[in-house]
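Novice: Mind the numbering: the sequence shown is residues 88 to 266 in my numbering, read in order.
Dropping the structure in here first, questions after.
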Amino acid sequence: TQRMKDELEKVTAIGKKESERSIRKQLLIGGCVSLLVLVLIIFLVRKAMQVMRDAEKVLQLEVEERKKTTAALAKSEERYRLIAENVADVIWTMDMDFNFTYISPSIYQQRGYTVEQAKMYSLATVLRDSYDEVVGEFKQRAARIQAGDPKGKESVIFEIEQYCSDNTAIWTHNNARIL
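As structure tokens, then:
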């Protein structure tokens, strides 16, 4: 019985050593897996940071390009505004309902109206007797454009009588087209 006891203790001691080895082995494997996961996370974080830095560089380039484009556009608008506001001829635009959308300041030298005053008048009021003829021509041009005829976009040159702020009339030479 003592012998059995000793054998049992011996087997128990061997079992404990095997269990300890197994536990150490599992801890070592678990530690390696954790280390691999940690390395993988670090790699992915670094990769994501690089992608973000690259995206930031692209975004900075786009912002710089937009600033340059905006500055060039402002400079171009300034040039065209300078021309439009200082030319002796009257430059005007209208919508498709024949309402003035832009009139250059030279309208004052030509007809005695400020831009704001001139924009308040309808085309029928400005043209009086020539209104039907001019509007008819532009309606025909619009129909040609809708039909695909490129001649619809050609300039129309005409002379008409326009009335001034002092109720006198002047004859004006006009070169207009549908944009």
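For glycine and all other residues, C-beta sits at the position ideal for the given N, C-alpha and C.
(1) For the stretch 167 to 175 and the stretch 190 to 205, state whether three or more C-beta atom pairs, one from each stretch, are separated by less than 8 Å.
(2) With burial defined as no fewer than 16 other Cβ atoms inside 10 Å of the residue's Cβ, what is the status of Ile190: buried or exposed?
(3) Taking only beta-carbon positions, decide if Leu131 is within less than 9 Å of chain B.
(4) From which residue to which residue does the beta strand (DSSP E) around Phe185 run?
(5) Alpha carbon to alpha carbon, what distance is there between Gln204 and Ile322?
(6) Expressed to the nearest angstrom, what Euclidean distance is found between the alpha-carbon atoms of Glu220 and Leu210?
(7) Give me the Cα-Cα distance between Lys154 and Lys162, rounded to the nearest whole angstrom.
(8) Could you check if Arg228 is buried or exposed, using at least 16 other CB atoms within 10 Å of its CB as the buried criterion?
(9) Starting from Val174, trace the alpha helix (DSSP H) both ways and give me its first and last residue.
Specialist: On the basis of the coordinates in this document:
(1) yes
(2) buried
(3) Note that chain B does not occur in the displayed structure, where there is just one protein chain.
(4) From DSSP, Phe185 is part of no beta strand (DSSP E); its letter is neither H nor E.
(5) What the structure shows of the chain is the stretch from 88 to 266, and residue 322 is not part of that stretch, so it cannot be assessed.
(6) 12 Å
(7) Going from the Cα of Lys154 to the Cα of Lys162 covers about 12 Å.
(8) That one is buried.
(9) Careful: Val174 lies outside any alpha helix (DSSP H) and carries neither H nor E.
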